[in-house]
Every structure is written in C-alpha cells, then in structure tokens.
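*Asks:* Residue numbers (the working numbering): 3 to 162.
All C-beta atoms, glycine included, are put in the ideal place defined by N, C-alpha and C.
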Ligand code: PNS
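1) Evaluate residue 9 with the Cβ neighbour count: other Cβ atoms within 10 Å of its Cβ, from every protein chain shown; 16 or more gives buried, anything less gives exposed.
2) For residue 35 versus residue 83, is the C-beta spacing smaller than 9 angstroms?
3) Does the beta-carbon distance from residue 131 to residue 15 come in below 9 angstroms?
4) Is residue 49 near ligand 1 - that is, is its Cβ less than 8 angstroms away from at least one heavy atom of it?
5) Residue 120 and residue 26 look like a contact to me (Cβ under 8 angstroms); what is the Cβ gap, rounded to whole Å?
6) Give me the residue from 5, 106 and 18 with the minimum Cα distance to residue 28.
7) Return yes when the Cβ of residue 114 is within less than 9 angstroms of the Cβ of residue 86, no when it is not.
8) In whole angstroms, what is the alpha-carbon distance linking residue 13 and residue 148?
9) Kindly give me the distance between the Cβ atoms of residue 88 and residue 7, rounded to whole angstroms, as I take these residues to be in contact under 8 angstroms.
10) According to the Cβ coordinates, are residue 19 and residue 93 closer than 9 angstroms?
11) Does residue 64 pass the burial test, meaning 16 or more other C-beta atoms within 10 Å, or should it be called exposed?
12) Comparing the CB of residue 43 with every heavy atom of ligand 1, is any distance shorter than 8 angstroms?
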C-alpha cells in the first residue's frame, strides 16, 4: 500500500504550527502532499497560487514533501493521488469536535481512507492562520508565528 498521505488545509497563510505538523508527518509518510483547498466560496487573504508558492518555498529543503491544490471532496483527491491517509494537526481540545466530525464524515465517504492526527508543539497551541491575519492587520510582529518570507508578504499585503 502507498505511504502517500495528504495534509489538507486552507493555509491562508501557512503558520509555524503547520510547519511543525509537516515536519512530523514527513517522517512518517512519503510522499507527504500538502494540499491547499480551492474554495470558490471563500476568497482568502492570499490567492491559492500565492499560498502554493509560499508553502513551496517553506518546504523546499524537505525531502518527500509535495505541494498541490485540490477542489471538491478531499477523499476523492486522496484516491486520485493513490493515497489512503489524511493528516490533520490537533492543537487543543477545542479542535477536537470539528476534526472528529470531519474524520467521521470522510470515513463514511471512503472507509479505506484513515485520518491520522498529529499534535503540534505545545508552543503553537494558540496559533491559527486567522489570528496571524489579525495580528498582521493590526501591525503586530509576526516573526514567531510564520516563516520570514510569509511575514514579509503579510506586512506588504496589509499595508497595500
Ligand atoms: O485548514 P482548514 O480550513 O481547517 O481545512 C479544512 C479542509 C480543507 C480540510 C476541509 O474543509 C476539507 O477537506 N474540504 C474539502 C471538502 C470536503 O471534502 N468536505 C467533506 C469532508 S468534511
């Protein structure tokens, strides 16, 4: 069976918490496909193409990590890629209900695909893309939260 796993998300933008999950997952699964959802209903701060570029630059030195985008059902994309694992990061108990619902829905849709949860480092428990966007909009420092090239683009984006 393929060891390909998909780590899906909005990644608007990718945070250091996501990076930590990617590093952990890449040690277990190969290849690990970081897959950005194309959601026509939600514009986002960064376009999907920008998010893909930002993630590619962040993982360029990591072996076995691919970056891609997908639309439609996640389980269909995982099957299309020939994989059977979905990776999701869990930060705190508050993530659990949403993640649990998604994992069970995906299992109902595709019983052969397993969702695997990985815990990010404790220091990232509070971190989310939404809060990073908010801190950027209000002019706060981003260095502890996202890779440097993402912090730069975030500052530029909110100033324009
Ligand atoms: O980073 P996010 O926004 O928490 O990621 C959510 C994501 C992309 C994993 C989820 O919205 C998703 O899988 N969307 C694809 C549509 C789908 O498959 N829905 C049914 C499963 S709940």
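*Replies:* This is what the structure holds:
1) buried
2) yes
3) yes
4) When distances are taken from the beta-carbon of residue 49 to the heavy atoms of ligand 1, even the shortest one reaches 8 angstroms or more.
5) 5 angstroms
6) 5
7) Yes; because the gap between Cβ atoms is below 9 angstroms, this pair is in contact.
8) Approximately 11 angstroms between the Cα atoms of the pair.
9) Indeed, because the Cβ distance is near 7 angstroms, the residues count as touching under 8 angstroms.
10) yes
11) exposed
12) no
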